[in-house]
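Protein chains in written order, with the numbering used here: chain D, 6 to 227; chain V, 709 to 916.
Even for Gly, the Cβ is constructed at its ideal location relative to N, Cα and C.
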Amino acid sequence: MTALAALIRRDMRIALRVGGGALIGVLFFLTVVVLMPFAVGPDLALLSRLGPAILWLGALLASLLTLDRLFMADHEDGSLDLITMSRTPLELACAAKALAHWLAAGLPLIVATPVLGLLLNLDMVATGAVALTLLAGTPALTFTGMIGAALAVTLHRGGLLMAVLVLPLSIPVLIFGVAASQAVIVGPMNFGAPFSILCALSLVSLVVGPFAAAASLRQGLD
Amino acid sequence: MSGWIQGKMQLSGRGVICVRGGREVFSGLDFEAGSGEAVAVVGRNGSGKTSLLRMIAGLLIPAGGTIALDEGDAELTLPEQCHYLGHRDALKPALSVAENLSFWADFLGGERSDAAESLATVGLAHATHLPAAFLSAGQRRRLSLARLLTVRRPVWLLDEPTNALDVAGQDMFGGLMRDHLGRGGLIVAATHAPLGIDSRELRIGGVG
C-alpha cells in the first residue's frame with residue numbers, strides 16, 4: 006500500500022507543480038466553454054439546450070489532451086523500467102497512475118463546471134446534473150484512455166494514434182453522459198437509466214483498463 | 709548488517725540468446741556470478757551488453773536459454789531482487805532531490821537504510837531541497853547511486869556506471885561497490901572503462 010500511495014503522491018505532485026499537466030487541462034476546458042457562447046450567439050434557449058453537450062465535449066477533449074503523457078514521461082526517463090521491475094504488480098501501478106491522473110486533471114474539471122454552467126445559461130439543477138454525470142463518467146474516460154496511453158508507449162507513436170484508438174471507447178461515455186444530463190433538463194426520459202449505464206461504464210473500465218494497460222506495457226518491453 | 713543477503717547466492721545464465729530487431733546479437737552465452745563477486749561485461753558497441761543486463765532485470769525476454777538466481781529470496785522473483793542502473797536515471801525534474809529518492813524508497817519497498825545518510829554518502833547532502841532539474845549529469849548519477857544504497861537489493865545491474873562521474877566520484881563509487889560485495893551482494897556491470905574493483909571479465913560478441 007505504501008508503494009501505491011507513494012506513486013499517487015508523486016504523480017499528483019508533478020501534475021500540480023508549475024508546468025504540470027493538471028492546469029493545462031482545466032485551462033483548455035475553460036477556453037472551449039468560454040468561446041462557445043460567442044460562437045453560438047446570444048440565443049439563451051439554444052445555449053441551455055446545448056449546455057450539457059458543450060460541457061461534456063470540453064471535458065472529454067481536456068482529459069484526452071493530457072492523457073498521452075501518462076506513461077510516455079515515465080518511459081522516457083527510465084522510471085517505467087523500475088516500476089515494471091518492482092514488487093508492486095504492474096496492474097496496480099497502472100491503476101494508481103490513472104487514479105492520480107484523474108484526481109489531478111479530472112476532478113478540477115468537475116469543480117470548474119458550476120462556474121462554466123453560468124456562461125451557458127444552465128440553472129442550478131441542470132449544472133448539478135452535469136457535474137454529477139461528469140463525476141460518474143470521467144473515471145471511464147481516464148481508465149480507457151490509459152489503454153491508449155500504454156499502447157502509445159508500446160508502439161513508439163505519440164498522441165495522434167492514441168486519440169484515434171481511444172475515441173471509439175469514449176463515445177458511449179459521451180452519449181450516456183449527455184443523455185443523463187438532458188434527461189434532467191428537458192425530459193421526458195428519466196435520469197436513472199442513462200446514469201446507471203454511465204456508472205456501469207466507469208466500473209467496467211476501472212476493472213478492464215489496468216489489466217489491458219499492463220498487458221500492453223509488458224508486450225512492449227524492450 | 710542484518711540478513712538481507714542469504715549467504716551464497718548464485719546468478720547464472722545458460723545458453724542465453726539475444727535477438728534484437730530480427731538480428732541475433734549473441735547466442736549460447738553462459739555466465740555465472742556468486743555472492744561477493746563482480747562481473748564486468750565487456751564488448752564492442754552493439755555487442756549486447758545493455759541487452760544482457762535488461763534480460764537479467766526481466767525487461768527483455770531472452771529468445772532462448774535461462775537466467776536464474778539460486779539461493780536468493782524464494783518469495784521474490786529475480787527482477788525484484790535486482791537494482792538496475794541504466795542510461796536513463798529515472799529522476800523527475802519537477803521534484804526535489806529528497807523527494808525523488810524518498811519516492812523510490814517508498815515505491816520499491818523492502819529493507820532500506822536512511823535516505824539522508826545515503827545522500828551524504830554520495831555527496832549530495834547540500835542539495836536535498838534542490839529540484840532535480842538543476843542537477844548536473846554527474847550529480848544525477850550520484851542521486852541514482854543513492855537509490856541503490858537506500859533500498860537494499862542483493863543484485864546490482866550497472867550499465868556504464870562511472871559515466872559522468874568525476875575522479876572523486878569514481879573513487880567513492882568503487883568504495884560503495886566493495887562494501888556491497890563485502891556484504892555478499894553481487895554485481896554485473898557493462899563497462900568500457902575499468903570498474904575500479906576486482907572483477908571477472910565476461911566478453912560477449914567476439915573480440916572487439
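At a Cβ-Cβ threshold of 8 Å, residue 93 of chain D and residue 222 of chain D do not count as neighbours. Residue contact check for residue 220 of chain D against chain V: no CB pair falls below 8 Å. About 6 Å separates the CB atoms of residue 98 of chain D and residue 12 of chain D; that is less than 8 Å, so the two are in contact. Positions of the alpha helix (DSSP H) runs, each at least 4 residues long and wholly inside the segment 37-99 of chain D, are given as 49-72, 74-81 and 84-90 in order along the chain.
Within the segment 884-899 of chain V, no residue has its Cβ closer than 9 Å to any Cβ of chain D. Per DSSP, residue 806 of chain V is one residue of the alpha helix (DSSP H) stretching across 805-816.
Boundaries of the alpha helix (DSSP H) around residue 825 of chain V: 823-829. The beta-carbon of residue 84 of chain D is placed less than 8 Å from the nearest beta-carbon of chain V. In the structure shown, residue 778 of chain V adopts extended strand secondary structure according to DSSP, grouped into three states. The C-beta of residue 25 of chain D comes closer than 8 Å to at least one C-beta of chain V. Within its own chain, the residues whose Cβ lies closer than 8 Å to the Cβ of residue 860 of chain V, once the five positions on either side in sequence are excluded, are 712, 818, 819, 820 and 821, listed in chain order.
For the pair residue 28 of chain D and residue 19 of chain D, the Cα-to-Cα distance works out to about 11 Å.
The residue among D/17, D/187 and D/166 with its C-alpha nearest the C-alpha of residue 134 of chain D is D/187. Within the segment 167-225 of chain D, the alpha helix (DSSP H) runs of at least 4 residues that lie entirely inside it are, in chain order, 197-224.
The beta carbon of residue 787 of chain V falls within 8 Å of a beta carbon belonging to chain D, placing the residue at that interface. With distances taken between CA atoms, residue 219 of chain D lies nearest to D/75 out of D/10, D/202, D/75 and D/203. Of all alpha-carbon atoms in D/85, D/183 and D/125, the one lying nearest the alpha-carbon of residue 155 of chain D is that of D/85.
With respect to the C-alpha of residue 724 of chain V, the residue from V/775, V/750 and V/765 having the closest C-alpha is V/775. DSSP lists no bridge partner for residue 107 of chain D.
Residue-level contact by beta carbon holds for residue 799 of chain V and chain D, with a gap shorter than 8 Å. By the neighbour-count criterion, in which 16 or more other beta carbons inside 10 Å mark a residue as buried, residue 195 of chain D falls on the exposed side. The Cβ atoms of residue 124 of chain D and residue 37 of chain D lie no closer than 8 Å to each other. Taken in chain order, the members of the segment 814-836 of chain V whose beta-carbon sits within less than 8 Å of a beta-carbon on chain D are 814, 815, 816, 817 and 818. Residue 898 of chain V and residue 147 of chain D have their alpha carbons spaced roughly 40 Å apart. Here residue 834 of chain V carries a helix assignment [DSSP, helix/strand/coil].
Within chain D, the residues whose beta carbon sits less than 7 Å from that of residue 811 of chain V are 11 and 15, listed in sequence order. At least 8 Å separates the beta-carbon of residue 789 of chain V from that of residue 727 of chain V.
A direct Cα-Cα distance of roughly 19 Å separates residue 149 of chain D from residue 115 of chain D.
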